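Residues 2 to 362 in the working numbering are what the sequence shown spells out, letter by letter.
Glycine included, C-beta positions come from ideal geometry on N, C-alpha and C.
Model, not experiment: these values are computed from the prediction.
Scroll down for the structure; my scribbles are underneath it.
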Amino acid sequence: MTQELRAAIVGTGSVAVLHAESIAATPGVRLVAVADVMPRRAAEFAATHGAGAAFESIEQLFAAEQIDVVHLCTPPGVHEPQAVAAFAHGAHVIAEKPPALSLTELQSMTDAAARADRRFAVVFQQRTGTAADHVKRLLDSGALGRALFAACDTLWLRDAEYYSVPWRGRWETEGGGTTLSHGIHQIDLLAYLLGDWRAASAQLWRQERDVETEDVSTGTILFEAGTVASVSTSVVSPRQTSSIRIDTERATIEVDHLYGHDRSHWRITPAPSVSAEEAAGWEFPHDDTPSGHDALLASVYASLIAGDPLPAVAAEPARALEIVTAFYASARLGGTIGRPAVQGDPELRGTLRAPVADNRP
């Protein structure tokens, strides 16, 4: 490394705090500027986190500063134009999830990154951590046998005040409901562990919240290896949890957490036919790095500083959004949606908007 990378954060809401803290903890990078349409909030954020300048827009930011990496912590509806602008100015981009409102927008972002020879990472931080890495290695090695069934649940609680923010709960500005905005994290972790998917189907439900989009969804994913997974997402669940269970031929893998996990949240239960000696070889590493923004951004920045491709935990930015797109397409069209259709049909790739079954009294 010859010099520090100069980072900027666009959007200074609550999630931006996690980015600022991670930047401060990462060697070789310095937060130099922030931008937000609310100037006072931007100035206060800059002062709190040691950024030297605050601006009202990304255009003002680039007019005044030389930036190496832009962190997009804005609502998903503006990610695409902001990312394209950042790439045009020669910056790498790290975008919060969901990365875009559609696969068409996401493709525009990845194309712009390729044209500029810049890196594009999406914050799917649930993939990170030594425990998740350990489970992925066990699954990929075949030590646990074939994965047969999985359950993936994101059961959270978001009240009316949460949806009082104007852009939330609307197709035009949020892109989708809880499946896109909340469930995508656990869906991404599931796909990171199980690999390529083949087909998916889903139903969208409005159980209580006064929104255009869904507040509950139920779906099924078929993976290329033959694993069948049920997926449930909710924002009407008082006891909140984020969980994945994978049943293989030789073990059950489970993780139960809320917004982040470490080795204490994971459990591997061997099948009765597995010896204690073999099961002991599956023990999680004692040197534990939890999942989170720190782990993801440290990995991404190490690659940027070295000039290497992005690491596996930051690769495949479209995979989870493809599955989510298939869910919404299934609710709109009926039946099961295959991956080739999601990858090749412009109509499916252009929108997530779909009918929602309204079950409110």
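A200 versus V16, A21 and T326, residue with shortest Cα-Cα distance: One-based indexing of the sequence shown puts residue 200 at position 199. Out of V16, A21 and T326, T326 has the C-alpha closest to the C-alpha of A200.
Contact check, I338 vs L349, beta carbons under 9 Å: Taking the sequence shown and counting its residues from 1, the one referred to as residue 338 is at position 337. Taking the sequence shown and counting its residues from 1, the one referred to as residue 349 is at position 348. Yes; because the gap between Cβ atoms is below 9 Å, this pair is in contact.
DSSP three-state assignment for E255, whether helix, strand or coil: By 1-based counting over the sequence shown, the position of residue 255 is 254. Strand.
Buried versus exposed call for V38 [16 or more other C-beta atoms within 10 Å across all chains shown]: Along the sequence shown, read from residue 1 onward, the residue named residue 38 stands at position 37. Counting Cβ neighbours within 10 Å, V38 comes out exposed, since fewer than 16 surround it.
Secondary structure of Q241, DSSP reduced to three states: For the purposes of this step, residue 241 is taken as the residue at position 240 of the sequence shown. Three-state result, Q241: strand.
Enclosing beta strand (DSSP E) for S202 [first to last residue]: For the purposes of this step, residue 202 is identified with residue 201 of the sequence shown, where counting begins at 1. From DSSP, the beta strand (DSSP E) with S202 extends over W198 to R207.
V33 burial status per 10 Å Cβ neighbour count (16 or more: buried): Along the sequence shown, one-based indexing puts residue 33 at 32. Under this definition V33 is a buried residue.
Contained alpha helix (DSSP H) runs [length at least 4] in the segment 19 to 99, N- to C-terminal order: 40 to 50, 59 to 65 and 80 to 89
Reference P239, options L158, H80 and F150, closest by Cα: If you number the sequence shown from 1, residue 239 lands on position 238. Closest by alpha carbon: L158.
Of the listed residues R128, V35 and V18, nearest to D296 (C-alpha basis): Here residue 296 refers to the residue found at position 295 of the sequence shown. Sequence inspection shows Ala at residue 296; the Asp mentioned does not correspond to that position. Among R128, V35 and V18, the Cα nearest to that of A296 is on R128.
For T180 and V16, the rounded distance between their alpha carbons: Mapped onto the sequence shown, residue 16 falls at position 15. Mapped onto the sequence shown, residue 180 falls at position 179. Straight-line Cα distance between these residues: approximately 19 Å.
Contact set for D154: own chain, Cβ-Cβ below 6 Å, skip 5 residues either direction: Position 153 of the sequence shown holds residue 154. So the list reads S233 and S244, once near-sequence residues are dropped.
Anticipated Cβ contact below 8 Å, L259 with Q241, distance rounded: If you number the sequence shown from 1, residue 259 lands on position 258. If you number the sequence shown from 1, residue 241 lands on position 240. With a Cβ gap of about 6 Å, L259 and Q241 count as contacting.
Close beta carbons around I269, own chain, < 6 Å, minus the five adjacent residues each side: Sequence index remark: in the sequence shown, residue 269 carries index 268 (1-based). Hits under 6 Å: A252, I254 and W283.
For R268, three-class secondary structure by DSSP: Your numbering for residue 268 matches position 267 in the sequence shown. It is a strand residue.
Alpha carbon of R7 to alpha carbon of L19, nearest angstrom: The residue you call residue 7 lines up with position 6 of the sequence shown. The residue you call residue 19 lines up with position 18 of the sequence shown. The straight-line gap separating the alpha-carbon atoms of R7 and L19 is approximately 17 Å.
Nonlocal neighbours in the same chain, by C-beta distance under 7 Å from S23, ignoring five residues either side: To locate residue 23, count along the sequence shown from 1; it is residue 22. So the qualifying residues of the chain are H294, D295 and L298.
Cα-Cα separation, R361 to E213: Numbered from 1 along the sequence shown, position 360 holds the residue referred to as residue 361. Numbered from 1 along the sequence shown, position 212 holds the residue referred to as residue 213. Approximately 13 Å between the Cα atoms of the pair.
Contact under 9 Å by Cβ, F150 with T228: Here residue 150 refers to the residue found at position 149 of the sequence shown. Here residue 228 refers to the residue found at position 227 of the sequence shown. It is a contact, given that the beta carbons lie within the stated cut-off.
One or two residues paired with V236 in a DSSP bridge: Here residue 236 corresponds to residue number 235 of the sequence shown, with the count starting at 1. Looking at the DSSP assignment, V236 forms no beta bridge with any residue, so it has no partner.
Range covered by the alpha helix (DSSP H) that runs through D295: For this step, residue 295 is matched to residue 294 along the sequence shown. Here the alpha helix (DSSP H) through D295 covers H294 to A307.
Beta-carbon contacts of P40 that lie in its chain and below 8 Å, excluding the five residues immediately before and after: For this step, residue 40 is matched to residue 39 along the sequence shown. Excluding positions up to five away in sequence, the list reads A55 and E57.
contact_flag[the segment 94 to 102, the segment 73 to 83] where n(CB pairs < 8 Å) is 3 or more: With the rule of 3 Cβ pairs closer than 8 Å, the segment 94 to 102 counts as touching the segment 73 to 83.
Coil, strand or helix - L349 by DSSP: If you number the sequence shown from 1, residue 349 lands on position 348. In this structure, L349 counts as helix in the three-state DSSP scheme.
Backbone CA spacing between M110 and T290 [nearest angstrom]: To locate residue 110, count along the sequence shown from 1; it is residue 109. To locate residue 290, count along the sequence shown from 1; it is residue 289. When rounded, the distance between both Cα atoms is 31 Å.
CB of E45 within 9 Å of CB of A9, strictly: Your numbering for residue 45 matches position 44 in the sequence shown. Your numbering for residue 9 matches position 8 in the sequence shown. For E45 and A9, no; Cβs fall outside 9 Å.
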